[in-house]
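**Student:**
2 protein chains.
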Amino acid sequence: MPSILVFGHKNPDNDAISAAIGYAYLKNELAKKNGEDVTYEAVRLGGLPPETEWILSENGIETPRLIEGVGEGDKVILVDHSEALQSAEGLENAEIVEIIDHHRLGGLTTAQPLRYNAMPVGSTCAIVAREFGIEGIEMPKAIAAVLLGAMLTDTVIMKSPTTTNFDRDIIAKTAEFVGVDPVEYGMSIFKCRSNPAELPVDKIVNADAKEFELSNGNKVYIGQFETVDLQAVLGREAEIREAIKALVAEKGYQFVLFFATDILAEGSQFICEGDTEFVNKVFGIDVTGKSVWMPGVLSRKKQVAAPILAA
Amino acid sequence: MPSILVFGHKNPDNDAISAAIGYAYLKNELAKKNGEDVTYEAVRLGGLPPETEWILSENGIETPRLIEGVGEGDKVILVDHSEALQSAEGLENAEIVEIIDHHRLGGLTTAQPLRYNAMPVGSTCAIVAREFGIEGIEMPKAIAAVLLGAMLTDTVIMKSPTTTNFDRDIIAKTAEFVGVDPVEYGMSIFKCRSNPAELPVDKIVNADAKEFELSNGNKVYIGQFETVDLQAVLGREAEIREAIKALVAEKGYQFVLFFATDILAEGSQFICEGDTEFVNKVFGIDVTGKSVWMPGVLSRKKQVAAPILAA
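Printed below as a string of structure tokens:
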């Protein structure tokens, strides 16, 4: 039976993995209902975040298979991304049959029409949950718990400015169905992230990092680390700075911007290497050689990547 | 009150105009329902096709305003296209807030997330009609008739290979609601297209034509003319050939491919100027200096543009 691969971006975060699991489940149920001879397999392009490991094990859901890339003729569904730079190696040889996403439009082209379902909302998992309703497919409790977890991590428990009324509604409904309080459930998920004092520095820098291409053709790398213990991260600023300086040198990035987000204090500390002047100009700050606290900045997409890409 | 412009592609066909009208209506109703202080205006980037003129007048619907282009800070919704080449002048300065489409992904980028709703189905109007159902907005009969008309022209009365079961279902439901037989209604629409023996040649060549960019960066122009009187079109082959030769010279296209589709005989006659070798190779034909009958070819998107763009 032909199999279609469903995956989120490189350096997957909880939303990328959970959306792939939820959407592959939905598509398999729809295929059964419509008598279509095809299966959908959730896979992943990188390591499992610690909170995802915990949620999957709590709900008895198998970890998606790790793939190295995709090949000629593979049919794929992209979730939680729509930029070639953030996707599987070999994507140009595969056939993209669907995209389900909540990010900006990333410049991909296809030869054939496809299903593209993007919404400017807080998480891809919220869009996946909406599709269950539209298609009239029953959601098992375990899948609901996985989707809810990612709706909460991606919106930083509804504190991120990316959170819409649509997110709040679907989080409330899904939490009621799962039988948990959304804020308590969100806090328990964030707490199972590893202690930043003990993590290898590359796990901090690359925990949730993405490449972007500026309009001048140069690439930049923007990494975010969400934590309930900002001081533990900042205690390692020198190490982090060395690591991102090395990335600039190795990969030729115009700059690497790393920011540690304190989800309780609701702000982020910026650390930047490379063309820091660019970043200074975009945000009206001075991040050259020192780190800068940015109150209220919680969302990479809306508050960090968007102004950089629009500059 | 801020106004958002809703428009289809240049050289608009019936689907491009009708989808803009239907979607602007839906968005205005949704804004009223949600108490949002915004209006949506259907506009157009070119002349009205004769069948659209007839349908709008039959249903008492105002002709969308013609615009020359869009400007800095305009908010826009693209319907029935997603390629900059086919869109409004100045699009790079506007903010695309939504795209609703049934074509391939055309390489646009945005700085901000957006609503993108594409499906690989026969018409954009079918997707617009589906949205009325999902959003629970009542569809007036006049809007239903306009949407139905475009579902029928864009699928060549359900004969085009782009027609899916989804299209057949929504056409049947909408026709029942309007109170017409879909095939009879479709034929009456096609019959009000002008007599190709009497049309100025540029109206034939540009009736439904779009620019595409090949992977080598060259541009091509692919025009389709659907008719119930193929012989009248072919009687003007020499004139058509001169017109498309002039387009190749003026615009620097790698080639211009014009094809006249006989909706009764279900096939198309290809006429090509410029790099005809490219087209010969893609289709395994010899269209150099002569026209070629292609039985079964009804869809530009699926049967003409897709193989050219994939080559």
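If you read the sequences in order, they're chains X and G. First residue of the first sequence? That's 49 in my numbering, and the numbers climb one at a time after it. First residue of the second sequence? That's 49 in my numbering, and the numbers climb one at a time after it. Even for Gly, the Cβ is constructed at its ideal location relative to N, Cα and C. Since the model is a prediction, treat every value here as computed from it, not as a measurement.
If I measure Cβ to Cβ from X/M187 and keep anything under 6 Å in the same chain, skipping five residues before and after, which residues do I get?
**Tutor:** By one-based count along the first sequence, residue 187 of chain X stands at place 139. The residues are F180.
**Student:** Starting from G/I115, trace the alpha helix (DSSP H) in both directions and tell me its first and last residue.
**Tutor:** Residue mapping note: residue 115 of chain G aligns to position 67 of the second sequence, counting from 1. Premise fails: G/I115 is in no alpha helix (DSSP H) and is neither H nor E.
**Student:** Should the region 228 to 246 of chain G be regarded as contacting the region 182 to 202 of chain G, the criterion being three or more beta carbon pairs within less than 8 Å?
**Tutor:** With the cut-off at 8 Å, the region 228 to 246 of chain G and the region 182 to 202 of chain G touch.
**Student:** What separation, rounded to the nearest whole angstrom, lies between the Cα atoms of X/I368 and X/I319?
**Tutor:** Limits of chain X in this structure are 49 at one end and 359 at the other, which puts residue 368 of chain X out of reach.
**Student:** What's the call for X/K347, buried or exposed, on a 16-neighbour Cβ count within 10 Å?
**Tutor:** Numbered from its first residue, the first sequence carries residue 347 of chain X at position 299. For clarity, residue 347 of chain X is Ser in the given sequence; the question names Lys instead. By the neighbour-count rule (16 or more Cβ atoms within 10 Å), X/S347 is buried.
**Student:** Within 10 angstroms of the Cβ of X/S130, are there 16 or more other Cβ atoms? Answer buried if so, exposed if not.
**Tutor:** On the first sequence, residue 130 of chain X is found 82 positions in, with the first residue counted as 1. Buried: at least 16 other Cβ atoms inside 10 Å.
**Student:** Between which two residues does the alpha helix (DSSP H) containing G/N62 stretch?
**Tutor:** By 1-based counting over the second sequence, the position of residue 62 of chain G is 14. Per DSSP, G/N62 belongs to the alpha helix (DSSP H) from N62 to K81.
**Student:** Could you tell me how far apart the beta carbons of G/T157 and X/L153 are, in whole angstroms, since I believe they sit closer than 8 Å?
**Tutor:** As a working note, residue 157 of chain G is residue 109 in the second sequence. As a working note, residue 153 of chain X is residue 105 in the first sequence. Contact holds; Cβ gap of about 6 Å.
**Student:** Going straight from the alpha carbon of G/G83 to that of G/A67, what length do you get?
**Tutor:** The residue given as residue 83 of chain G occupies position 35 in the second sequence. The residue given as residue 67 of chain G occupies position 19 in the second sequence. Looking at the two C-alpha atoms, the distance is approximately 24 Å.
**Student:** Whole angstroms are fine: how far does the CA of G/V249 sit from the CA of G/K329?
**Tutor:** Within the second sequence, numbered from 1, the residue matching residue 329 of chain G stands at position 281. Within the second sequence, numbered from 1, the residue matching residue 249 of chain G stands at position 201. Each residue's Cα considered, the two are about 28 Å apart.
**Student:** Among G/Q279, G/I288 and G/K75, which residue has its Cα nearest to the Cα of G/A313?
**Tutor:** Counting from one through the second sequence, the residue named residue 313 of chain G turns up at place 265. Here the closest residue by C-alpha is G/Q279.
**Student:** Taking a contact to mean a Cβ-Cβ separation below 9 Å, would you say G/E321 touches G/F303 in this structure?
**Tutor:** To locate residue 321 of chain G, count along the second sequence from 1; it is residue 273. To locate residue 303 of chain G, count along the second sequence from 1; it is residue 255. It is a contact, given that the beta carbons lie within the stated cut-off.
**Student:** Taking the beta carbon of G/L114 as the centre, do at least 16 other beta carbons fall within 10 Å, making it buried, or is it exposed?
**Tutor:** The residue given as residue 114 of chain G occupies position 66 in the second sequence. Exposed, because fewer than 16 other Cβ atoms sit within 10 Å of the Cβ of G/L114.
**Student:** Could you say which of G/Y269, G/T210, G/Q134 and G/A220 lies nearest to G/L196 if we only look at CA atoms?
**Tutor:** The sequence position of residue 196 of chain G within the second sequence is 148, counting from 1. It is G/A220.
**Student:** Report the residue from G/G315, G/I356 and G/V86 whose alpha carbon sits nearest the alpha carbon of G/G332.
**Tutor:** Start at 1 with the first residue of the second sequence, and residue 332 of chain G comes out as number 284. Ranking the options by Cα distance to G/G332, first place goes to G/I356.
**Student:** How about X/L295 and X/Q317: are their beta carbons less than 9 Å apart?
**Tutor:** Counted from its first residue, the first sequence places residue 295 of chain X at position 247. Counted from its first residue, the first sequence places residue 317 of chain X at position 269. No.
**Student:** Are the beta-carbon atoms of G/I65 and G/I125 separated by less than 9 Å?
**Tutor:** For the purposes of this step, residue 65 of chain G is identified with residue 17 of the second sequence, where counting begins at 1. For the purposes of this step, residue 125 of chain G is identified with residue 77 of the second sequence, where counting begins at 1. Not a contact, by the Cβ cut-off of 9 Å.
**Student:** Can X/A166 and G/N165 be called in contact, C-beta distance under 9 Å?
**Tutor:** Locating residue 166 of chain X in the first sequence gives position 118, where the first residue counts as 1. Locating residue 165 of chain G in the second sequence gives position 117, where the first residue counts as 1. Result yes, Cβ atoms of X/A166 and G/N165 sit closer than 9 Å.
**Student:** Could you check what DSSP says for G/P98 in three-state terms: helix, strand or coil?
**Tutor:** Position 50 of the second sequence holds residue 98 of chain G. Here G/P98 sits in helix by DSSP.
**Student:** Can you list, in chain order, the residues of its chain whose CB lies under 7 Å from that of G/K349, leaving out five sequence neighbours each side?
**Tutor:** Residue mapping note: residue 349 of chain G aligns to position 301 of the second sequence, counting from 1. Result list for G/K349: H151 and T210, in chain order.
**Student:** What's the gap between the Cα of X/D215 and the Cα of X/D256?
**Tutor:** Locating residue 215 of chain X in the first sequence gives position 167, where the first residue counts as 1. Locating residue 256 of chain X in the first sequence gives position 208, where the first residue counts as 1. Distance between the alpha carbons of X/D215 and X/D256: 21 Å.
**Student:** Excluding sequence positions up to five away, which residues of its chain have a Cβ less than 8 Å from the Cβ of X/L96?
**Tutor:** The sequence position of residue 96 of chain X within the first sequence is 48, counting from 1. P60, I65, L104 and T111, listed in sequence order.
**Student:** Does DSSP put G/C320 in a helix, in a strand, or in coil?
**Tutor:** Working through the second sequence from its first residue, we reach residue 320 of chain G at position 272. Correct three-state label for G/C320: strand.
**Student:** Select from G/E259, G/A174, G/E120 and G/S135 the residue whose C-alpha is nearest the C-alpha of G/R92.
**Tutor:** Taking the first residue of the second sequence as position 1, residue 92 of chain G is located at position 44. Of the candidates G/E259, G/A174, G/E120 and G/S135, the one whose C-alpha sits nearest the C-alpha of G/R92 is G/S135.
**Student:** Locate the beta strand (DSSP E) running through X/V304, then write down its first and last residues.
**Tutor:** Counting from 1 along the first sequence, the entry for residue 304 of chain X is found at position 256. Per DSSP, X/V304 belongs to the beta strand (DSSP E) from F303 to D310.
**Student:** Restricting to Cα atoms, I'd like to know which of X/V118, X/V204, X/I148 and X/V276 is closest to X/V231.
**Tutor:** Translated into the one-based positions of the first sequence, residue 231 of chain X becomes position 183. The shortest Cα separation from X/V231 among X/V118, X/V204, X/I148 and X/V276 belongs to X/V204.
**Student:** Sort out for me which residues DSSP pairs X/G332 with in a bridge.
**Tutor:** For the purposes of this step, residue 332 of chain X is identified with residue 284 of the first sequence, where counting begins at 1. Bridge partners of X/G332: none, in fact.
**Student:** What's the C-alpha gap between X/S339 and X/T222?
**Tutor:** Mapped onto the first sequence, residue 339 of chain X falls at position 291. Mapped onto the first sequence, residue 222 of chain X falls at position 174. So the alpha carbons of these two residues sit roughly 39 Å apart.
**Student:** Would you list, in sequence order, the uninterrupted beta strand (DSSP E) runs of no fewer than 3 residues that lie entirely inside the region 136 to 206 of chain X?
**Tutor:** Those beta strand (DSSP E) runs which fall completely within the region 136 to 206 of chain X and span 3+ residues are 143 to 149, 152 to 154, 157 to 161 and 163 to 166.
**Student:** The beta strand (DSSP E) with X/R92 in it runs from where to where?
**Tutor:** What you label residue 92 of chain X is simply residue 44 of the first sequence in a count that begins at 1. Element bounds for X/R92: T87 to R92.
**Student:** Can you tell me which of the three DSSP states G/E259 falls into?
**Tutor:** Residue 259 of chain G sits at position 211 when you count from the first residue of the second sequence. Strand, per DSSP.
**Student:** Quick check on G/L126: does DSSP put it in helix, strand or coil?
**Tutor:** Residue mapping note: residue 126 of chain G aligns to position 78 of the second sequence, counting from 1. Note: G/L126 maps to strand in three-state DSSP.
**Student:** Could you give the C-beta distance for G/L133 and G/E261, rounded to a whole number, given that I count them as a contact under 8 Å?
**Tutor:** Numbered from its first residue, the second sequence carries residue 133 of chain G at position 85. Numbered from its first residue, the second sequence carries residue 261 of chain G at position 213. Contact flag correct, Cβ pair sits at about 6 Å.
**Student:** Smallest Cα separation from X/R289: which of X/G227, X/H57, X/T324 and X/E246?
**Tutor:** As a working note, residue 289 of chain X is residue 241 in the first sequence. Closest option to X/R289, Cα to Cα, is X/T324.
**Student:** Leaving aside the five residues before and after X/G266 along the sequence, list all residues of the same chain whose C-beta is less than 6 Å from its C-beta, in chain order.
**Tutor:** Taking the first residue of the first sequence as position 1, residue 266 of chain X is located at position 218. Per the sequence presented here, residue 266 of chain X reads as Asn, with Gly not at that position. Taken in chain order, the residues that qualify are Q302.
**Student:** Pull up the CB-CB distance for G/G315 and G/G344, whole angstroms please, since I reckon it's below 8 Å.
**Tutor:** Within the second sequence, the letter at position 267 stands for residue 315 of chain G. Within the second sequence, the letter at position 296 stands for residue 344 of chain G. Sure, about 6 Å apart at Cβ, within 8 Å.
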